[in-house]
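As they're listed, the protein sequences go chains A, B, C and D. For the first sequence, my numbering puts the final residue at 244, and the numbers step up evenly by one. For the second sequence, my numbering puts the final residue at 244, and the numbers step up evenly by one. For the third sequence, my numbering puts the final residue at 244, and the numbers step up evenly by one. For the fourth sequence, my numbering puts the final residue at 244, and the numbers step up evenly by one.
There are 4 protein chains.
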Amino acid sequence: MEIKEGDEVLLYLNDKNSWIVKIEKGKTFHTHKGVVKLDDIIGKSYGCEIQTNMAVSLKVLPLDYIDFLERIIRKTQIIYPKDLCYICFQANIHPGSIVVEAGTGSGVLTSYIANLIRPDGKVYTYEIREEFQKIAKKNIERLGLSKYVEFKLKDITKGIDERNVDAVVLDMATPWLVVEEAKKALKIGGRFVSFSPTINQVEKTVEAMKLAGFINIKTIELIIRRYKVKLNETRPETIMIGHTGYITSGRRAS
Amino acid sequence: MEIKEGDEVLLYLNDKNSWIVKIEKGKTFHTHKGVVKLDDIIGKSYGCEIQTNMAVSLKVLPLDYIDFLERIIRKTQIIYPKDLCYICFQANIHPGSIVVEAGTGSGVLTSYIANLIRPDGKVYTYEIREEFQKIAKKNIERLGLSKYVEFKLKDITKGIDERNVDAVVLDMATPWLVVEEAKKALKIGGRFVSFSPTINQVEKTVEAMKLAGFINIKTIELIIRRYKVKLNETRPETIMIGHTGYITSGRRAS
Amino acid sequence: MEIKEGDEVLLYLNDKNSWIVKIEKGKTFHTHKGVVKLDDIIGKSYGCEIQTNMAVSLKVLPLDYIDFLERIIRKTQIIYPKDLCYICFQANIHPGSIVVEAGTGSGVLTSYIANLIRPDGKVYTYEIREEFQKIAKKNIERLGLSKYVEFKLKDITKGIDERNVDAVVLDMATPWLVVEEAKKALKIGGRFVSFSPTINQVEKTVEAMKLAGFINIKTIELIIRRYKVKLNETRPETIMIGHTGYITSGRRAS
Amino acid sequence: MEIKEGDEVLLYLNDKNSWIVKIEKGKTFHTHKGVVKLDDIIGKSYGCEIQTNMAVSLKVLPLDYIDFLERIIRKTQIIYPKDLCYICFQANIHPGSIVVEAGTGSGVLTSYIANLIRPDGKVYTYEIREEFQKIAKKNIERLGLSKYVEFKLKDITKGIDERNVDAVVLDMATPWLVVEEAKKALKIGGRFVSFSPTINQVEKTVEAMKLAGFINIKTIELIIRRYKVKLNETRPETIMIGHTGYITSGRRAS
């Protein structure tokens, strides 16, 4: 595929150093390994290599959703892919799903859901802090997912406007305050999923879910272990993320 | 939503006991808590309760993809949701993705991918054992996902027919034998993901990936921990699944 | 070393099948692989093999503390070696230590401590259930550790008789009720360690420790992972013990 | 207990800031919270508080083995308490044990064993790098454990001088080269334990052990998880040590 002006590409030096660059005529891009003339890239194909003025080769690669997501996550560190994808599994999110989500935060989870429910689904995302909503809108816009998202500047503990939705997904400080409202918003058989860093939040949420008559109530935690794989030197990495949060899920039964 | 003849529903007694039942006129369904007349359900709404002849109440719930998946997984125990969803994340699978997969096995991973790439994507799934392909076809059919899947009775280590695909996903004994072929099949920037139970398979696959010039090579393992959550008695469950497999991923760069 | 009448030995068939046997003249010992005449063993050396009447070879091995401990643990499953040894580390237990312990239970932790504090240390172990104390006394007797242990049929939450002890070690349902008493019993700089299965017990104990002015308060959990190691098939075991308990420790400062 | 000249004490400000100080007449000790006159401490009792010239209170506490060990470990980070104590459990090390150990390194494992085998046991510790042996000797000396340790400047893969020992414990790069020698050195029923960071070392060692006829061959890994315990905010710590090493053990049978 030919690269043209206006495209965003990934300039790749190595696994630790790569940059997202917008191709603009007459512009240059500066790296610690030298300067690239962007004009040199126009008309080439993805997978090509270009030279910096320090004679270092960079690969030109196409961008995908994960490139963007990993950059947003690196900055915010709020929620990790392992949790994002398991939350969406437990919520049975797929093309066409109608989902209520809170809080929007920087929009990582929102974008993840939006990317999965295309083209016929919808995410209604609640947030009370306007500055976060703005960041999220920008992130979702950049990912080209805006038309699948409706942003709401509202306190979800005060009520959910939607009815008969497929899933309610929460990543917020007080999920237990939303359980009753989530039940009203969900269709029968619909799925509720909440992500919380402390075990005390989990206890309160599970109690509220039991009280509200949810079924299939489960709490799990995912621990990710990275490996250094090298012939005759294979071992798990020394430092790891020890905890992100617990995922609690259940289902509306009546 | 009104329940009609021919629908498949979930009869729910409790979290340990629930049954998938097809509603047929004049038929009965037997449980250890008594017999249900299916005629009694026709015309009712999801969320209703019906009585067995032993006066036990059962909830009637709609089925979704996860209900089916969990039943298939319980029987085969080959690959778990935590791995399914992380594999699909690493492979950047979403609506519209074109994916090559092997081996088909009982079709769990195939169905998971097919459910995510709807309506415009496609899964090409390779398998050499005809009896497995048959089981998988039946499972995929039941899930209503057949039109997104092309089944191939071929040895993927001998070659991949497709070109310019978004992702190659492997759950097979000798993934390292597919690395070179996967590179040819993938588009530039496309993603390769392999799931293996032993660390030796991982070592061989990573070596082959390095040799083939893949970038962003990573190996991780996901450990899932279930919790018993109860006010004042919260703790992880005593017995857990200690290991399923390692997930190795990378990206075609040239 | 020559084996003589009255010795207890280990008859070893394989890792899954071995038996502790007391050598008595004229007696036989029955296994599913045949019968052994114990007279045949007398006068032989450890490491020898004897034949059953079904011509199966058994190794004759000396017993050590761990052989006994593993058998007691297999029956009671209350506390695991990983926790036993870390508890004793955190409590700084070594030859000469004076230790208060509760509850005695079946004596597994008691025996472990007694084995480490020999020959000049002492364990004072509290238990309120007489039937458990009896079992523990029998276990400790068999291990030859009785002279290092003083058994007390007392409720430790009502008070600790000892003063100026090196460590207080708890494996009981309500450790937080012992924190104040433990402080009085400990010497300045002495160490307090508590083992609890639920996180709620941990919260209450830590709160009580903070209130009582303990320093270096820490809570950890040890997860043990067993591996199947085989050339080219190495992997963690599929089923594992997911949780035993949390270990909370601290130190008396004033 | 009265503090006198020449004693080493712990000056404790908080859990993050404490210092080991030797009490010398006329001397002062400087901290970021002010200066302490050591004369003020002489004649006081442990548990007392003294003021710096900035009017900050410090607790004066007695030192124990763990205070020293934690300081050595913080500097070297070679082997962690969770592993130290489990290694010694698997090796059945207790008062009176005769143990061969390699490599000495900075002496952390040596000191741990020496502390447990007192007063009648002995550790024979092998090391080929003289500079490490010097560091270890100094550490062991400071801990007052020298008389339980014999330092050997020898390559253990070339042979073990001792015979009929209770345990052989290895923390070195090539444990598989010692397996045959360890078997000769061990008494019948004696225990072999090896600690290795990579899974490849484990594979080689286990193969060598099988070949040499060891029984009860096991490989485990201990994962330690630290918790932040606070009423209503309890959770595992975010960053954790993901891997230290694998512990392989077995027993000489003949």
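No residue lacks a Cβ here, since even glycine has one placed at the ideal position from N, Cα and C.
Examine chain B for any beta-carbon lying closer than 8 Å to the beta-carbon of A/P52, and answer yes or no.
-> Using a CB distance cut-off of 8 Å, A/P52 counts as an interface residue toward chain B.
Alpha-carbon spacing of C/K124 relative to C/I214, whole angstroms = If you take the alpha carbons of C/K124 and C/I214, they lie about 31 Å apart.
What are the start and end residues of the alpha helix (DSSP H) that includes C/Y76?
-> Counting along the chain, the alpha helix (DSSP H) containing C/Y76 begins and ends at 71 to 80.
Under 8 Å between C-beta atoms, does A/H233 make it to chain B?
-> Answer no: the Cβ-Cβ gap between A/H233 and chain B never drops below 8 Å.
Cα-Cα separation between A/R216 and A/I231, rounded to whole angstroms | Computed Cα separation, rounded: 9 Å.
Is B/K12 helix, strand or coil by DSSP?
-> If DSSP states are grouped into helix, strand and coil, B/K12 belongs with the strands.
Taking Cβ-Cβ distances below 7 Å as the criterion, which residues of the segment 174 to 188 of chain B are in contact with chain A?
-> Answer in chain order: I178, G179.
Please confirm if the segment 38 to 50 of chain C is in contact with the segment 162 to 181 of chain C, defined as three or more CB-CB distances below 8 Å between the two stretches.
-> Contact fails: fewer than three Cβ-Cβ distances are below 8 Å.
Could you confirm whether any beta carbon from chain D is found closer than 8 Å to the beta carbon of A/E227?
-> Closer than 8 Å to some Cβ of chain D, the Cβ of A/E227 qualifies, so yes.
Secondary structure at D/S96, three-state DSSP: helix, strand or coil?
-> Residue state, collapsed to three classes: coil.
Roughly how many whole angstroms lie between the Cα atoms of D/T228 and B/G203?
-> Rounded to whole angstroms, the separation of the alpha carbons of B/G203 and D/T228 is 34 Å.
Counted within 10 angstroms of its Cβ, other Cβ atoms place C/N154 as buried (16 or more) or exposed | Answer is exposed; the Cβ neighbour count stays below 16.
List the residues of chain B that C/M230 touches, going by C-beta distances under 7 Å, in chain order.
-> Going along chain B in sequence order, the residues near C/M230 (Cβ under 7 Å) are M230, G232.
For B/P165, the three-state DSSP class (helix, strand or coil) | Of the three classes helix, strand and coil, the one that applies to B/P165 here is helix, per DSSP.
Neighbourhood of A/D110 by C-beta, 7 Å cutoff - its chain only, sequence neighbours within 5 removed | Within the same chain, and ignoring the five residues on either side of A/D110 in sequence, the residues whose Cβ sits closer than 7 Å to its Cβ are P85, G86.
Have a look at the DSSP bridge pairing and note the partners of A/Q41.
-> Its beta-bridge partners are A/S47.
How long is the line joining the alpha carbons of D/A157 and D/W166, rounded to whole angstroms?
-> Going by the C-alpha atoms only, they are around 16 Å apart.
Chain D contacts made by the segment 200 to 215 of chain A, where a contact means CB separation under 7 Å = Residues R215.
Distance between C/S47 and D/Q80 (C-alpha atoms, nearest Å) = The alpha-carbon atoms of D/Q80 and C/S47 are separated by roughly 26 Å.
Counting contacts by CB-CB distance shorter than 8 Å, is C/P165 in contact with chain D?
-> Judged by the 8 Å Cβ criterion, C/P165 is not in contact with chain D.
Under 7 Å from the C-beta of B/T224: neighbouring residues of chain C = Correct list: T188, I189, N190.
May I ask whether a heavy atom of the ligand GTP can be found less than 7 Å away from the beta carbon of C/I32?
-> Here there are no bound small molecules, and the ligand GTP is not part of this structure.
Starting from B/N7, find everything on chain A with Cβ-Cβ shorter than 7 Å and list it in chain order.
-> The premise fails here: B/N7 is roughly 11 Å from chain A at the closest Cβ pair, so nothing lies under 7 Å.
Is it the case that the Cβ atoms of A/F273 and A/T147 are separated by a distance below 8 Å?
-> Outside the displayed span of chain A (-9 to 244) sits residue 273 of chain A, for which this structure offers no information.
Contacts around B/I83, its chain only, beta-carbon distance under 7 Å, and the 5 residues preceding and following it disregarded | Excluding sequence neighbours, B/I83 sits near V89, I103, L106, I107, A157.
Where C/G97 and B/N222 are concerned, what is the direct C-alpha to C-alpha distance, given to the nearest angstrom?
-> So the two alpha carbons sit approximately 27 Å from each other.
Across which residues does DSSP place A/M230 in a beta bridge pair?
-> DSSP output for A/M230 lists D/M230 as bridge partner(s).
Can you find a CB in chain D that lies within less than 8 Å of the CB of C/E193?
-> Output row for C/E193: interface = yes.
8 Å Cβ cut-off: residues of chain A touching B/E197 | The contacting residues are L221.
Quickly, what does DSSP pair D/P52 with across the bridge? List them, please.
-> Paired residue(s): D/V(-1).
List the residues of chain C whose Cβ lies closer than 8 Å to the Cβ of D/R108, in chain order.
-> Within chain C, the residues near D/R108 are H84, P85, G86.
Could you round the C-beta distance between D/I10 and D/E(-5) to whole angstroms and report it? I think they count as a contact, below 8 Å.
-> With a Cβ gap of about 16 Å, D/I10 and D/E(-5) do not count as contacting.
Under 8 Å from the C-beta of A/A243: neighbouring residues of chain B = Counting only Cβ-Cβ distances below 8 Å, A/A243 has contacts in chain B at Y2, G37, K49, L51, in chain order.
Rounded C-alpha distance that separates C/R132 from C/R242 = Going by the C-alpha atoms only, they are around 35 Å apart.
What residues in its chain sit with their C-beta under 6 Å from that of C/I205, if we drop five residues either side in the sequence?
-> Counting only Cβ-Cβ distances below 6 Å, and skipping sequence neighbours, we find R241, A243.
Thinking just about the alpha-carbon of each residue, which of C/K220, C/F58, C/S101 is nearest to the one in D/I207?
-> D/I207 has its Cα closest to that of C/K220, out of C/K220, C/F58, C/S101.
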